[in-house]
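Written out below as structure tokens is the structure these notes cover.
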Amino acid sequence: MSDQPSLQPSLQPSLQPSLQPSLQPSLQPRSHHDMGGVPKFLCEPIDTADHTLTDFDREVDAIRQILGAKGVMSVDELRRGIEAIPEADYLRLTYYQRWIRSIADNLLASGVITEDELRTALAEAAP
Amino acid sequence: MTTLLEAPSDRMLAAIRHLLEQKAVTSPAEIAERIARTDRASPAMGASMVARAWTDPAFRSLMLRDGAAAAEAMGIPMRGLPPLGVLENTAELHHLVVCTLCSCYPRGVLGYPPFWFKSAGYRARAVREPAGVLAEWGTVLPPGTRIRVVDSTADYRWMVLPLRPAGTEDWDAPRLAAMVREGDMIGVTTPSP
Amino acid sequence: MTLHTGAAIRVKDDWPELRGPCHIRTPHYLRGQPGTVMRHLGRFPNPEDLAFARPAASIDLYHVAFRADAIWPDADPGARDPGTHDLVVEIFEHWLEPMGEPT
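Protein chains in written order, with my numbering: chain A, 84 to 210; chain B, 823 to 1015; chain C, 28 to 130.
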């Protein structure tokens, strides 16, 4: 199910060669979060079942909303922080686990918290 | 700093919660209030809009022109939320909403996005093989129906205004609303009486 | 706003991902693709700058239609009732190049 290595103009009578992108989607330097049409996920059945949100999920979601409402961290900054998660971690972490990691990244980057403060708070946090 | 970010998530949440309170950014009470408020949004809100659009042509017109105004007209708070776009299904055209880049979802009128909407499988497949995605829900469209996949990439949030199914001509709005499901307003299913 | 409904455009075949940290909301599968403007959606601050807490200019946003069979010319894997579907995506104006009349 790989992409064709080159377009066949005879199948695309309405397209001029000059209108075709220089690289096929599968060869493009896409970021790993940019998932539209990506072959390695096309064979995955979709888990259509209901998954109840956990207390963790709800709290992370609420904190994100509050930080947005108070102008501390925008949704765009949240997304950027998620996209910066290395690919293996991005795929392994759950949705809201990515969020809390991005929130921490952004709070450090904007100076709301310092690395020392976070290190101390992590050491003191109950597992 | 990289290793700090790799801390286990439960521990990270506890640390962040503590630090935000210490710095008076927020508090456990405020977080709890926000959770309670967020829990009030659900697909029932969107369903009530769909049912009204099916029974009130003027409201339908408003909903298609300005989704947020239509929601507000039904008492659904939309202030501070992104613009709401409403995609009208017809006998020839069926819409499917996805966010391939993350998980943008019309939360103001549908509540939290479902697990599947945020999954790699859905995000990858919806734009490329929408009929196959619909088949995961057992949804088969009439032959000749064109599918239009809407990838939410920017400031709008999108919901589908599905076709009113046959056999519901004498149903009132509450009965219609009870029939409309979350998936009907994203496009993976169609309303079924 | 400079693009009207029906305008033929091409998405820039550009890859900022190669030049350093960035936040791009134009999906990879659309880079370099031809499309048709459906609707002007308004003007919004550029998310590419918001993501880095930089001042963000407001840019015109359009709903743009693309043919899926032009993007992925192989048959849909496991397709039921295969037919050409179209894609409609929000694209900011700075990613769009006006084309001449469509062929």
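The beta-carbon is built from N, C-alpha and C at its ideal position, and this holds for glycine as well.
Owing to the predicted nature of the structure, the values given are computational and were not obtained by experimental measurement.
Between the beta-carbon of residue i and the beta-carbon of residue j, is there less than 8 Å?
| i | j | result |
| --- | --- | --- |
| A/P108 | C/H55 | yes |
| B/Y978 | B/P865 | no |
| A/D159 | B/F937 | no |
| C/G59 | A/S105 | yes |
| B/W980 | B/V971 | no |
| B/A890 | B/L906 | yes |
| C/L38 | C/G69 | A quick correction: the sequence has Val, not Leu, at residue 38 of chain C. Their beta carbons are not under 8 Å apart, which means C/V38 does not touch C/G69 by this criterion. |
| B/N911 | B/L985 | yes |
| A/A204 | B/L841 | yes |
| B/P1013 | B/P987 | yes |
| A/Q148 | B/R901 | no |
| A/I183 | B/I969 | no |
So residue i and residue j are supposed to be a Cβ contact under 8 Å. How far apart are they, rounded?
| i | j | result |
| --- | --- | --- |
| A/F139 | B/D832 | 7 Å |
| B/A895 | A/A208 | The pair is not a contact, with the Cβ atoms about 45 Å apart (cut-off 8 Å). |
| B/V1026 | B/W959 | Residue 1026 of chain B lies beyond the range of chain B shown here (823 to 1015); nothing can be said about it. |
If we ignore side chains and look at the alpha-carbon of each, how far apart do residue i and residue j end up?
| i | j | result |
| --- | --- | --- |
| A/R113 | C/F71 | 24 Å |
| C/D76 | A/A145 | 24 Å |
| B/M871 | B/L956 | 23 Å |
| A/T137 | B/R887 | 36 Å |
| C/A84 | B/T860 | 31 Å |
| B/F939 | B/S925 | 7 Å |
| B/I1008 | B/A858 | 24 Å |
| B/L923 | A/M118 | 6 Å |
| C/L88 | C/E117 | 7 Å |
| C/I86 | B/I898 | 29 Å |
| C/R66 | B/V982 | 17 Å |
| A/L176 | A/S157 | 21 Å |
| A/G154 | A/R141 | 20 Å |
| A/Y173 | B/T967 | 36 Å |
| C/A35 | C/I98 | 16 Å |
| A/S85 | C/A92 | Note that A/S85 has pLDDT 37, beneath the 50 cutoff, so the model's placement of it is unreliable and the number below is only indicative. The straight-line gap from Cα to Cα measures roughly 25 Å. |
| B/M885 | A/Q103 | 38 Å |
Comparing alpha-carbon positions, which option in the options lies nearest residue i?
| i | options | result |
| --- | --- | --- |
| C/D113 | C/A95, C/W122 and C/M126 | C/A95 |
| A/A152 | B/G907, B/G897, B/E852 and B/L918 | B/E852 |
| B/A942 | A/L191, A/L110 and A/P122 | A/P122 |
| B/V920 | B/M885, B/L909 and B/D878 | B/L909 |
| C/H31 | C/A97, C/H90 and C/I98 | C/H90 |
| B/P850 | A/L110, A/V143 and A/P104 | A/V143 |
| A/H115 | C/F119, C/C49 and C/G59 | C/C49 |
| A/R181 | B/P830, B/P1013 and B/E958 | B/P830 |
| B/M834 | A/I196, A/A187, A/L150 and A/C126 | A/A187 |
| B/G1005 | B/G933, B/A891 and B/E894 | B/G933 |
| B/A863 | B/L906, B/P996, B/W876 and B/V931 | B/V931 |
| B/K845 | A/A208, A/L201, A/I165 and A/D172 | A/L201 |
| C/F79 | A/T203, A/D172 and A/S185 | A/S185 |
| B/P935 | B/R968, B/G868 and B/R947 | B/G868 |
| C/W122 | B/L963, B/T975 and B/P928 | B/T975 |
| A/T135 | A/D172, A/L190, A/Y178 and A/T197 | A/Y178 |
| B/E828 | A/V195, A/A171 and A/I149 | A/A171 |
| B/A946 | A/L190, A/G120, A/D133 and A/L161 | A/G120 |
| B/A875 | B/D994, B/S1014, B/P952 and B/P1015 | B/D994 |
| B/V949 | B/R929, B/P928 and B/H917 | B/H917 |
| C/R14 | A/I183, A/R163 and A/I149 | An answer regarding residue 14 of chain C cannot be provided, because it is not within the stretch 28 to 130 covered by chain C. |
| C/R52 | C/V115, C/P100 and C/P74 | C/P74 |
Taking only beta-carbon atoms, is residue i less than 8 Å away from chain C?
| i | result |
| --- | --- |
| B/R979 | no |
| B/T975 | yes |
| B/I969 | yes |
| B/T922 | yes |
| A/Q111 | yes |
| B/P984 | no |
| B/R950 | yes |
| B/V847 | no |
Using a beta-carbon distance below 8 Å, is residue i in contact with chain A?
| i | result |
| --- | --- |
| C/A78 | yes |
| B/T860 | yes |
| B/M834 | yes |
| B/E852 | yes |
| C/D40 | yes |
Under 8 Å between C-beta atoms, does residue i make it to chain B?
| i | result |
| --- | --- |
| A/L90 | In this predicted model, A/L90 has a pLDDT of only 31, less than 50, meaning its place in the structure is not dependable; the value taken from the coordinates is given anyway. By this cut-off, A/L90 is not an interface position. |
| C/P61 | no |
| A/M156 | no |
| A/R162 | yes |
| A/P104 | no |
| C/R52 | yes |
List the residues of chain E that residue i touches, going by C-beta distances under 8 Å, in chain order.
| i | result |
| --- | --- |
| A/R147 | Considering every chain present, this structure includes no chain E. Its protein chains are A, B and C. |
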